[in-house]
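Quick note on UniProt numbering: the sequence shown kicks off at 1 and runs consecutively.
First the structure, in the form of structure tokens, and then the observations on it.
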Amino acid sequence: MSEQMYESPQADLNTQNPNAAIKFKRTASTVWGIIYMVLAVIGFLATLGGLAAAMSIGDGMVPHLSKDLMILDTFLAMGGKVFLFLFSLALLLRASWVKTIGIIGLVYSLIDTTFKAVAIIPKQAETAINDAAAMGTYVGFYVLAVVSAMMYIGYLIYLKSDDSKREFNLK
């Protein structure tokens, strides 16, 4: 008794035209697209709450931070969430512009991070109760900044593989 390989009824169709209605998709792109989209939506909603809080308080209510500075910081953060959402959408759609939006999102994220590092975080650290709390403000911010940048950088490196180029129709 010998074993025979199972031949699918679709096998003949695929051998006649291997590219017919078959689009190469990998699970990783879908999973990361969903994760990034969830993070973008949650972050955007949280940032909307921050914007409402920044607009409702008066100047001088938060020590060392003006209302205008907090509103500008919130709008920059909202823009970052929009770019992350567009990046996740490009991943899910397997769009050829995924690399472009990834680079733009990374640059925008770095601009937002630089603004926050120069204008917001030092003033928040000034209001800390002690040195440990001030150090915690800096450490927490920089850890999140590195994670944010690595999300984009890691996926942009992933897009350089031959399989990714085929999946997203990249050159």
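Positions of the beta carbon are idealized from the N, C-alpha and C atoms, including for glycine.
Given the structure is predicted, the values throughout are model-derived calculations rather than measurements.
- In the three-state DSSP reduction, Met37 falls in the helix class (H, G or I).
- The residue from Tyr36, Leu93 and Arg26 with its alpha-carbon nearest to that of Val147 is Tyr36.
- Judged by beta-carbon spacing, Asp73 lies within the 8 Å limit of Ile120, meaning their Cβ atoms are closer than that value.
- DSSP, read as helix, strand or coil, puts Trp97 in coil.
- Around the beta carbon of Lys171, a 10 Å sphere encloses fewer than 16 other beta carbons of the protein chains shown; the residue is thus reported as exposed.
- Of Thr47, Val139, Ile129 and Tyr155, the smallest CA-CA separation from Met78 is found for Thr47.
- Measuring C-alpha to C-alpha distances from Leu89 to each of Tyr155, Gly33, Glu167 and Ile157 identifies Gly33 as the nearest.
- In this structure, Ser29 and Glu126 do not form a Cβ contact; the two beta carbons are roughly 43 Å apart against a cut-off of 8 Å.
- Comparing alpha-carbon positions, the option among Leu51, Val31 and Asp68 lying closest to Asp59 turns out to be Asp68.
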